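K.L.:
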DNA sequence: CTCCAGGGATGAT
DNA sequence: ATCATCCATGGA
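Numbering (the working numbering), first residue to last: 296 to 624.
The following block contains the structure:
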């Protein structure tokens, strides 16, 4: 349901092919930042842009200044296709999110301000529900680089091939495609102990015992509860799926990075901080777009590891935690 | 080699 | 409720 940017245009691709491409104005948007921020794992850097899939469609996306240029794969019906393509792009990259308003709603403190400044143009995209859920089931105790590897393996083995510019990408396998696989096959994609969880959830979704689309009607608390009923899904993964696939922009996933940020920057003075307290704090302090704030904090922290964050060995950062942000109780 | 990674499920305090 | 432990794999 994205409001479409006006003034889109269609031009003839000259450099790589005769394939038409669509130009879409995208102010307040940083494509590379968005795709590298750890919310989505399958986009690959090709030339000056990125290749990937949106749903079952292969696309190449490139940003030139305040415009993004998009080429699709095979185009049986060019006119209809370009119209659909620009809708899909604008919706996927959430170009209708009022980013300046969202950023203005963040709390005003040194940590948040630094992250806001660093992540300018980062948008929370609208991912397909199943793809997002399945990928984050595979994400537990895995580095981003390895999640990307798992995603690639699953796609190549169980998904459908799509060509874009003589380059092949793969759709994310449907619940049906994964439901009929085996735990052994999944383990061969390096899933390890996550394999039975992904398989069980795929079968629940495929059998419609779990209806991911129907869950969209539920309020946050109920949605989180239903997602947590799925094998391999706990509070953290549920919050990621809520944020990245259900557009619940308040959902605040707390992983090891965010936990460090909260403890080191917002609870510096406190000896022991329970998960309960971190949850309560994050749900209120960061406001109604807390999920956005969380993603900015996550990406900023990760891009600056070894510097500000790094556990006990991180010497040289004697920076005062601003306790004013910390609840006095 | 060791340490750690966008955690979850289970069982014991 | 909080904590401890195990789970499987690969990057740094």
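C-beta atoms are modelled at their ideal positions from N, C-alpha and C, and glycine is treated no differently. Everything numeric in this text was worked out from a predicted model, so none of it was measured.
Which one of 502, 543 and 498 has the shortest CA to CA distance from residue 519?
P.N.:
Here the closest residue by C-alpha is 543.
K.L.:
Whether or not the region 583-603 and the region 549-569 are in contact is what I'm after, with contact meaning three or more pairs of Cβ atoms, one per stretch, closer than 8 Å; do they touch?
P.N.:
The region 549-569 is in contact with the region 583-603.
K.L.:
State the Cα-Cα distance for the pair residue 315 and residue 540, rounded to the nearest angstrom.
P.N.:
Straight-line Cα distance between these residues: approximately 29 Å.
K.L.:
On the premise that residue 351 lies in contact with residue 455, defined as a C-beta separation below 8 Å, what is that separation, rounded to the nearest angstrom?
P.N.:
About 7 Å; that satisfies the 8 Å criterion.
K.L.:
Do you know whose CA, among 474, 482 and 485, lies nearest residue 498's CA?
P.N.:
Measuring from the Cα of residue 498, the nearest candidate turns out to be 474.
K.L.:
Where does residue 315 fall in DSSP's three states?
P.N.:
It is a strand residue.
K.L.:
Just checking, does the region 566-580 make contact with the region 457-465 on the three C-beta pairs under 8 Å criterion?
P.N.:
The answer is no - the region 457-465 does not touch the region 566-580, with fewer than three Cβ pairs under 8 Å.
K.L.:
Inspect the beta-carbon positions of residue 406 and residue 317 and report whether they are closer than 8 Å.
P.N.:
No, the Cβ-Cβ distance between residue 406 and residue 317 is not below 8 Å.
K.L.:
With distance defined between alpha-carbon atoms, name the residue in 487, 549, 585 and 329 nearest to residue 569.
P.N.:
Nearest C-alpha to residue 569: 549.
K.L.:
Work out the CA separation of residue 509 and residue 339 for me, nearest whole Å.
P.N.:
Straight-line Cα distance between these residues: approximately 31 Å.
K.L.:
Answer yes if the region 341-361 comes into contact with the region 431-441, meaning at least three C-beta pairs across the two stretches below 8 Å, and no otherwise.
P.N.:
Taking 8 Å as the limit for Cβ pairs, the verdict is that the region 341-361 does not touch the region 431-441.
K.L.:
Sorted by chain position, which residues of the same chain lie with C-beta nearer than 7 Å to residue 397's C-beta, five sequence neighbours on each side aside?
P.N.:
584 and 587, listed in sequence order.
K.L.:
With a Cβ-Cβ cutoff of 8 Å, do residue 365 and residue 384 count as a contact?
P.N.:
Going by C-beta atoms, residue 365 is nearer than 8 Å to residue 384.
K.L.:
With a 10 Å radius around its C-beta and 16 neighbouring C-beta atoms as the bar for buried, classify residue 529 as buried or exposed.
P.N.:
Under this definition residue 529 is an exposed residue.
K.L.:
Quick one, are the C-beta atoms of residue 324 and residue 388 less than 8 Å apart?
P.N.:
A contact, by the Cβ cut-off of 8 Å.
K.L.:
Using the C-alpha atoms, what's the distance from residue 416 back to residue 524?
P.N.:
Roughly 34 Å between the two C-alpha positions.
K.L.:
With distances taken between CB atoms, is the gap from residue 362 to residue 327 smaller than 8 Å?
P.N.:
No, the Cβ-Cβ distance between residue 362 and residue 327 is not below 8 Å.
K.L.:
Compare the beta carbon distance of residue 591 and residue 411 with 8 Å and say whether it is the shorter of the two.
P.N.:
In contact: residue 591 and residue 411 (Cβ atoms closer than 8 Å).
K.L.:
Between the Cα of residue 413 and those of 332, 374, 488 and 355, spot the shortest distance and give me the residue it belongs to.
P.N.:
Checked all of 332, 374, 488 and 355; the closest Cα to residue 413 is 332.
K.L.:
What's the gap between the Cα of residue 353 and the Cα of residue 566?
P.N.:
Taking the straight line from one Cα to the other gives about 50 Å.
K.L.:
Taking only runs of the beta strand (DSSP E) that begin and end inside the region 514-555, which ones reach a length of at least 3 residues, in chain order?
P.N.:
DSSP runs (the beta strand (DSSP E)) wholly in the region 514-555: none.
K.L.:
Look at residue 536 and residue 431 and say whether their C-beta atoms are less than 8 Å apart.
P.N.:
It is a contact, given that the beta carbons lie within the stated cut-off.
K.L.:
Do you know offhand how far residue 526's Cα is from residue 533's?
P.N.:
Taking the straight line from one Cα to the other gives about 11 Å.
K.L.:
Quick one: what does DSSP say residue 439 is sitting in, helix, strand or coil?
P.N.:
If DSSP states are grouped into helix, strand and coil, residue 439 belongs with the helices.
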